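Asks:
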Amino acid sequence: MRNLTEEIKNFRFDRLPKDLQKSLSTIYNSEKSVENPLKVNAIHQGDAAKLLKRIEPNSIAVSVWSPPYFVGKNYEKHLTFEGWKNLLKSVIANHFPIIKPGGFLVINIADILVFKDENMPKIQADAVHRKKISLSKEDILNILAENPTMNRNELAKHFKCSEQTIDRRLNGNNVRGGKHETQSRVKIIGGLVEDWALEAGFYPYDRRIWVKDAAWENSRWASLSYRAVDEFEYIYIFWKPGIIKYDRNRLSNDDWKNWGSRGVWQFPSVRANDDHEAKFPVELPTRVIKLLSDEKEIVLDCFMGSGTTAIAAIRENRNYIGIELDPEYVKLSKINILKETGINPIITFNAN
Ligand SMILES: C[S@@+](CC[C@H](N)C(=O)[O-])C[C@H]1O[C@@H](n2cnc3c(N)ncnc32)[C@H](O)[C@@H]1O
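Numbering (this note's numbering), first residue to last: 1 to 352.
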């Protein structure tokens, strides 16, 4: 075997059952080493889709990240929906060679709750609770069925309301909302991510829900709809074929009971997004790292933002590689990592 990390070199591939040796041979026999590989314990400025190609094959125990969600944040404004999909697809594909056999790719993402859809029929809401007179179109039609010759004036007298109210109810022109604007709907993202991961060679291994703070202030549709407020995200876990090291001692009994074995994780969002628009709480990468890697192994975050995953990795005695496109966020990561861990990380700037 060539160019493999120490641990994989020591792995007794020849002791595996013959059929496994056959099916895993292409994965355990890695291709050539990369030129000018990204340094470990450093934050690298540049495009994830490009820089991932400069990570040593089979070197990453777990990669955990939260990408742009395509919800209009400043750092994703330049992306069309197609461009966003291409970014995620290529980032996932470029993970396959660099994750250790038996290692994991963990993606924290959410559905897009306000996704503009030009082709969607207008949803119009008949806000019944707002009507001063509780008169429906059906009420009028029932009377008209019995008295087909009644005109608007007579109907208004019968219902003790104005002719205008009769007209609004009959012609539906009291219906509010979305008459002119492009409609928006929910865009479910899980299926896309699953397809991109499968195409890359990964397999879905697990999925969890992170229950965060309810974002009431962002709930633009709350007044005229039955939609729920934004209050959870997904954590999708993908496995690269290979032997998983299963170690029950990675967590205490309490941790296994409280979150290690649980499908729903509940902890608050970052309350002060004052230095970065969309940080995840350090609890999220900390749990992933403790569950799916060992001390000294390398953790990757290729959408590093404010440095959260690096902070979690350092606190848990792991090594890390960070990638981030925005030079200002690279500098912010450096400041945050130094402040939170006392360690001053290397940063590199790369041409995009
Ligand atoms: C949701 S945020 C990640 C926040 C991070 N988890 C934290 O806690 O601070 C996504 C990040 O991806 C960065 N980004 C966007 N496009 C990128 C690309 N092509 N390559 C690398 N980073 C990118 C953005 O600048 C942003 O900081």
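Glycine is no exception: its CB is placed at the ideal position from the N, C-alpha and C atoms. Remember, predicted model here, so these are calculated numbers, not experimental data.
#1: Give the range of the alpha helix (DSSP H) segment to which tryptophan 196 is assigned.
#2: For isoleucine 99, which of Pro281, Ser134, Ile244 and Ile346 has the nearest alpha-carbon?
#3: Give me the Cβ distance between aspartate 111 and lysine 187, rounded to the nearest whole Å; I'm assuming they're in contact under 8 Å.
#4: Counting along the chain, where does the beta strand (DSSP E) carrying aspartate 230 start and finish?
#5: Between the C-alpha atoms of lysine 212 and arginine 287, what's the straight-line distance to the nearest angstrom?
#6: Here's the rule: buried if 16 or more other CB atoms are within 10 angstroms of the residue's CB, otherwise exposed. What is serine 162?
#7: Buried or exposed for aspartate 301, going by 16 or more other Cβ atoms inside 10 Å?
#8: Considering only residues of the same chain and omitting the five flanking positions on each side of serine 23, which have a CB-CB separation below 8 Å?
#9: From the DSSP output, which residues share a beta bridge with alanine 42?
#10: Is it true that the CB of lysine 334 sits closer than 7 Å to the CB of isoleucine 347?
#11: Tell me whether alanine 48 is buried or exposed, calling it buried when 16 or more other Cβ atoms sit within 10 Å of its Cβ.
#12: Under 8 Å by Cβ, that's how I've got tyrosine 205 and proline 101 pegged, so tell me the actual separation to the nearest angstrom.
#13: Nearest to valine 282 by CA position, among Leu38, Pro268 and Lys89, is which residue?
#14: If you draw a straight line from the C-alpha of glutamate 295 to the C-alpha of arginine 208, how long is it?
#15: Can you check the region 264-300 for any beta strand (DSSP E) of at least 3 residues that lies completely inside it and give the ranges in chain order?
#16: Can you tell me whether DSSP reads serine 63 as helix, strand or coil?
#17: So who's on the other strand from lysine 160, going by DSSP bridges?
#18: What three-state label does DSSP hand phenylalanine 238 in the structure shown?
#19: For isoleucine 133, count the other beta carbons within 10 Å of its own beta carbon; 16 or more makes it buried, fewer makes it exposed. Which is it?
Replies: So, from the listed chains and residues:
#1: Position 196 of the sequence shown holds residue 196. Here the alpha helix (DSSP H) through tryptophan 196 covers 190-200.
#2: Within the sequence shown, numbered from 1, the residue matching residue 99 stands at position 99. Closest by alpha carbon: Ile244.
#3: As a first step, residue 111 must be located in the sequence shown, where it is residue number 111. As a first step, residue 187 must be located in the sequence shown, where it is residue number 187. Yes, they are in contact, since the Cβ atoms of aspartate 111 and lysine 187 sit about 6 Å apart, within 8 Å.
#4: Taking the sequence shown and counting its residues from 1, one reaches residue 230 at position 230. Element bounds for aspartate 230: n/a, residue is neither H nor E.
#5: Indexing the sequence shown from 1 puts residue 212 at position 212. Indexing the sequence shown from 1 puts residue 287 at position 287. Rounded to the nearest angstrom, the two C-alpha atoms are 15 Å apart.
#6: Sequence index remark: in the sequence shown, residue 162 carries index 162 (1-based). By the 10 Å Cβ count, serine 162 comes out exposed.
#7: On the sequence shown, residue 301 is found 301 positions in, with the first residue counted as 1. That one is buried.
#8: Reading the sequence shown from its first residue, position 23 is the one you call residue 23. Cβ within range, chain order: Pro241.
#9: Residue 42 sits at position 42 when you count from the first residue of the sequence shown. DSSP lists Ile321 and Ile346 as partners of alanine 42.
#10: As a position in the sequence shown, residue 347 is number 347, starting the count at 1. As a position in the sequence shown, residue 334 is number 334, starting the count at 1. In contact: isoleucine 347 and lysine 334 (Cβ atoms closer than 7 Å).
#11: Within the sequence shown, numbered from 1, the residue matching residue 48 stands at position 48. The residue is buried, with at least 16 neighbouring Cβ atoms inside 10 Å.
#12: Here residue 205 corresponds to residue number 205 of the sequence shown, with the count starting at 1. Here residue 101 corresponds to residue number 101 of the sequence shown, with the count starting at 1. At roughly 14 Å, the Cβ-Cβ gap does not stay under 8 Å, so tyrosine 205 and proline 101 are not in contact.
#13: Sequence index remark: in the sequence shown, residue 282 carries index 282 (1-based). Looking at the Cα atoms, Pro268 is the closest of the given residues.
#14: Here residue 295 refers to the residue found at position 295 of the sequence shown. Here residue 208 refers to the residue found at position 208 of the sequence shown. Roughly 23 Å between the two C-alpha positions.
#15: 264-266
#16: Counted from its first residue, the sequence shown places residue 63 at position 63. DSSP, read as helix, strand or coil, puts serine 63 in strand.
#17: Along the sequence shown, one-based indexing puts residue 160 at 160. Residue pairing by DSSP places lysine 160 in no beta bridge whatsoever.
#18: Taking the first residue of the sequence shown as 1, we reach residue 238 at position 238. The answer is strand: DSSP assigns phenylalanine 238 an E or B state.
#19: Translated into positions along the sequence shown, residue 133 becomes position 133. Looking at its Cβ environment, which holds fewer than 16 other Cβ atoms inside 10 Å, isoleucine 133 is exposed.
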